[in-house]
Structures are given as structure tokens and as C-alpha cells.
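Okay, so the sequence shown: first residue is 96 according to my numbering, each after it adds one. Virtual Cβ for every residue (Gly too), placed ideally from N, Cα, C. The model shown is predicted, which means the values in this text are computed figures rather than measured ones. For reference, the structure discussed in these notes is given below.
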Amino acid sequence: MTELSTDIGGLALALPGMVASGIMDETGASMVRMLEAGAGAVVTKSIGLLPNAGHENPCFTEVKGGYINAMGLPNPGIEAFGPEMAEAVPHGKIIGSIYGRPR
Ligand SMILES: Cc1cc2nc3c(=O)[nH]c(=O)nc-3n(C[C@H](O)[C@H](O)[C@H](O)COP(=O)(O)O)c2cc1C
């Protein structure tokens with residue numbers, strides 16, 4: 096089989112493809128599923144300190160030349176996301192995405 100392993104800033108990946116933040120990465124089970132499907136790593140949904148509902152719909156719309164989306168960073172907050180990480184981390188490379196807001 097072709098060798099595809101790589102190194103990104105010291106992070107060794109068996110395969111070069113990563114799942115982008117916000118795509119099939121909101122639960123431990125979905126992250127494990129992406130690793131099992133061949134992702135070299137999964138970037139988590141962006142997580143903040145506190146739960147955040149995100150924007151009201153519509154969050155996705157057609158524009159000239161394509162589509163845009165803006166979810167508003169919906170997430171359950173860092174404490175609630177801990178168990179999802181605990182489920183996924185033993186299965187492969189998980190890259191945490193976090194954000195903060197100015198007060
Ligand atoms: C439904 C949805 C949710 C997303 N959530 C996040 C997020 O939480 N954090 C983030 O940094 N990017 C988020 N993104 C952006 C994606 O990670 C990615 O950067 C974007 O889709 C562009 O990917 P592309 O450069 O491969 O086209 C989200 C995208 C989509 C479609």
C-alpha cells in the first residue's frame with residue numbers, strides 16, 4: 096500500500112486527510128466514525144467556555160457563485176464536551192478547536 100504518513104508541525108499522521116472543524120465532530124461517536132473511515136485526524140467542533148446556541152436559522156444560503164453558511168459556533172461548552180473527547184481520543188488523533196470571545 097502507498098505510504099501516506101506525514102508530519103505537520105510535529106504531529107505525526109498516518110494519513111494526511113483531516114476532517115474540518117464542524118463536520119461530523121460534535122460527538123465522540125461521530126469522531127470515532129470519521130477516524131474509522133480513514134481520517135488522519137479530526138478537528139473538533141469549535142468549543143467555547145460556555146454553552147452557545149449559535150445563530151437562528153437560516154444559517155445557510157445561496158449567493159451568487161455558491162453558498163455561504165454561518166452557524167454562530169453552536170456548542171455545548173467545554174465541560175459538556177469533555178466526555179465526547181474522552182470517547183474519541185483513544186481511537187486516533189483529535190485536534191481540539193476552541194474559541195474565546197472578548198468581554
Ligand atoms: C456546518 C458547518 C459547521 C462548521 N463549524 C465550524 C466550527 O465550529 N469551527 C471552525 O473553525 N470552522 C467551522 N466550519 C468551517 C469548516 O471547518 C471549514 O473551514 C469550511 O467548511 C471551509 O472548508 P474548505 O476550506 O475545505 O472549503 C464549519 C463549516 C460548516 C459547513
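* Residues that GLU157 bridges to, as DSSP identifies them -> TYR162
* **Euclidean distance between Cα positions of VAL184 and MET126** => 9 Å
* To do: Would you give the residue range spanned by the beta strand (DSSP E) that ILE142 belongs to?
  => No beta strand (DSSP E) contains ILE142, which DSSP labels as neither H nor E.
* **Selection from LEU106, TYR194, LEU110 and GLY105 that minimises the alpha carbon distance to GLU98** => LEU110
* To do: Out of GLY117, ILE103 and GLY143, point me to the one whose CA is closest to GLY195's CA.
  => GLY143
* Asked: Is LEU145 near ligand 1, going by C-beta to nearest heavy atom under 7 Å?
  -> no
* So, GLY167 versus GLY191, is the Cβ gap smaller than 8 Å? -> no
* Pick helix, strand or coil for LEU99, following the three-state DSSP scheme. => coil
* Going by the C-beta, is LYS140 closer than 7 Å to any heavy atom of ligand 1? -> yes
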